[in-house]
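Peer 1:
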Amino acid sequence: MPSSEQIEEVFHAVLARPAAERNTYLRESCSNDAGLYEEICSLVAAWEGDQDFLNKPALETGLALLTDSPSESLVGKTINNYKINSLLGRGGMGEVYLAYDLRLERKVALKLLSRPLVDGSAKSQIINEARAAARIDHANICQIYGLEDFEDNTFIVMQYVQGITLADLIRKGPVSRKHLFDLIRQIVSAVGQAHSQGIIHRDLKPQNIMVTPNGQVKLLDFGLAMSITTETKDPEKKIKRLSKVRAVPGTIRYMSPEQLRGEDLDSRSDVFSLGTLLYEMVSGANPFARNSDREVASAILSSVPNPFRQGSDRIARFASIVQRCLEKSPKERYDSANEVLLDFDRWLRRTRSHITKSHQCTCFAG
């Protein structure tokens with residue numbers, strides 16, 4: 000039986016090929032392994048046809064399919080110094096639990112790999128995720144408290160963030176302009192701090208952003224993070240990958256054109272994803288949402304999003320910031336989220352007197 004690491008490698012290599020070339024490449028790659036061929040065929044078929052996959056990273060999708068049954072629940076158990084209280088969520092990579100730190104007497108969140116993945120490259124990925132997030136000190140980024148081992152597993156100990164995801168907040172409906180623009184500023188500031196530390200997130204989306212009851216944003220999940228180094232002018236050595244993903248990592252609806260094509264990335268890719276996110280926050284709809292991943296990809300590569308309802312010249316000026324983020328060519332975008340923040344703050348200073356809690360806007364309206 001092929002290992003999960005072997006399946007992962009071939010799966011991503013297949014996805015990196017144009018659709019018309021995938022079958023030929025797959026047959027050649029698996030010519031001596033019928034089991035591997037069948038596994039990859041099922042993964043690719045699901046990736047190309049299942050609409051639920053549109054909101055999941057390619058790596059997570061593949062690994063979820065490889066995991067036929069969930070790991071044994073750890074609820075009620077104590078691992079190291081953490082009493083596990085409940086399961087917060089489960090994905091292709093593993094589970095996130097709410098736990099109680101018996102030493103420091105505080106709630107924490109633990110992110111553990113699913114049992115079938117502890118011996119594969121996913122273990123390296125979770126270590127790199129913790130290291131990437133730990134490098135960034137910012138009020139709007141979830142804190143990493145530690146990285147620990149338990150039996151043959153490795154898990155992240157991180158800040159427990161109580162609240163709802165931005166995706167859920169968008170679904171709930173309109174908020175005031177004041178609240179909307181406060182959330183936007185926190186998000187852009189968090190991404191900008193990551194860029195200042197030489198890290199790009201590569202999976203910015205509403206599901207990876209929490210909003211606490213008091214309105215504080217927390218950016219989560221640096222599992223696909225990449226470190227950009229500037230120590231060399233050699234383009235072949237400029238990018239050092241923190242994650243081991245080999246092809247089209249990210250979530251389709253929020254990918255940049257260059258990310259979708261599997262090209263080398265820099266902070267301008269995050270800027271495009273940020274533009275998609277901001278567009279959705281204001282309009283309530285993803286600008287590239289379509290009926291299939293193929294149509295989504297085509298829209299990202301070639302379609303210009305419809306202008307969202309602006310309501311005033313002031314909002315129109317904000318729309319121009321979003322539009323610049325969504326330029327197809329990286330050269331036409333802001334260089335980093337910090338530049339987005341500078342323009343946003345200039346606009347906000349001119350607009351602040353017109354933004355009140357009682358002034359409802361069309362954001363989250365769909």
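Just so we're aligned: the sequence shown equals residues 0 to 365 in numbering that gives the first Met the number 0. Glycine included, every Cβ here is placed at the ideal spot set by N, Cα and C.
#1: Quick test of your reading: K82 and A98, contact by CB under 8 Å. State the CB separation rounded to the nearest angstrom.
#2: Would you say P205 and T164 are within 8 Å of each other, going by their C-beta atoms?
#3: If distances are taken between C-alpha atoms only, which option among S291, C324, R293 and H137 comes closest to P304?
#4: State the beta-bridge partners of I299 as determined by DSSP.
#5: From A138 to L87, what distance separates their C-alpha atoms?
#6: Exposed or buried, which one is R172 when buried takes at least 16 other CB atoms within 10 Å?
#7: Nearest by alpha-carbon distance to T275: which of R134, D342, R105 and R201 is it?
#8: With distances taken Cα to Cα, identify the nearest neighbour of A296 among F10, L14 and R349.
#9: Assuming K106 is part of the beta strand (DSSP E), what are its boundary residues?
#10: When you compare the CB positions of Q258 and S266, do they come within less than 8 Å of one another, or not?
#11: Does the ligand ADP have even one heavy atom less than 7 Å from the beta-carbon of T275?
#12: Which residues mark the beginning and the end of the beta strand (DSSP E) in which I155 is found?
#13: Would you report the Cα separation of Y278 and N80, rounded to the nearest angstrom?
#14: So, for V9: in the same chain, excluding its five sequence neighbours on each side, which residues have a beta-carbon less than 6 Å away from its beta-carbon?
#15: Have a look at L264 and V187 and give me their C-alpha separation to the nearest angstrom.
Peer 2: A quick look at the data gives this:
#1: Taking the sequence shown and counting its residues from 1, the one referred to as residue 82 is at position 83. Taking the sequence shown and counting its residues from 1, the one referred to as residue 98 is at position 99. With 8 Å as the limit, K82 and A98 qualify as a contact, their Cβ atoms being about 6 Å apart.
#2: To locate residue 205, count along the sequence shown from 1; it is residue 206. To locate residue 164, count along the sequence shown from 1; it is residue 165. It is a contact, given that the beta carbons lie within the stated cut-off.
#3: Here residue 304 corresponds to residue number 305 of the sequence shown, with the count starting at 1. It is C324.
#4: Taking the sequence shown and counting its residues from 1, one reaches residue 299 at position 300. Paired residues: none, contrary to the question.
#5: Mapped onto the sequence shown, residue 138 falls at position 139. Mapped onto the sequence shown, residue 87 falls at position 88. Rounded to whole angstroms, A138 to L87 spans 22 Å at the Cα level.
#6: Working through the sequence shown from its first residue, we reach residue 172 at position 173. Per the sequence presented here, residue 172 reads as Gly, with Arg not at that position. So G172 counts as exposed.
#7: Here the question's residue 275 lines up with position 276 in the sequence shown. The shortest C-alpha separation from T275 is found at R201.
#8: Taking the first residue of the sequence shown as 1, we reach residue 296 at position 297. Of the candidates F10, L14 and R349, the one whose C-alpha sits nearest the C-alpha of A296 is L14.
#9: On the sequence shown, position 107 is the one that residue 106 refers to. Unbroken beta strand (DSSP E) run through K106: R105 to L112.
#10: What you label residue 258 is simply residue 259 of the sequence shown in a count that begins at 1. What you label residue 266 is simply residue 267 of the sequence shown in a count that begins at 1. Not closer than 8 Å, so no.
#11: As for the ligand ADP, it is missing from this structure, which has no ligand bound.
#12: As a first step, residue 155 is located in the sequence shown; it is residue number 156 there, counting from the start. That run of the beta strand (DSSP E) goes N152 to Q158.
#13: As a first step, residue 278 is located in the sequence shown; it is residue number 279 there, counting from the start. As a first step, residue 80 is located in the sequence shown; it is residue number 81 there, counting from the start. Distance between the alpha carbons of Y278 and N80 is about 43 Å.
#14: Your numbering for residue 9 matches position 10 in the sequence shown. Result list for V9: S28 and I39, in chain order.
#15: Residue numbering aside, residue 264 sits at position 265 when the sequence shown is read from its first letter. Residue numbering aside, residue 187 sits at position 188 when the sequence shown is read from its first letter. The straight-line gap from Cα to Cα measures roughly 19 Å.
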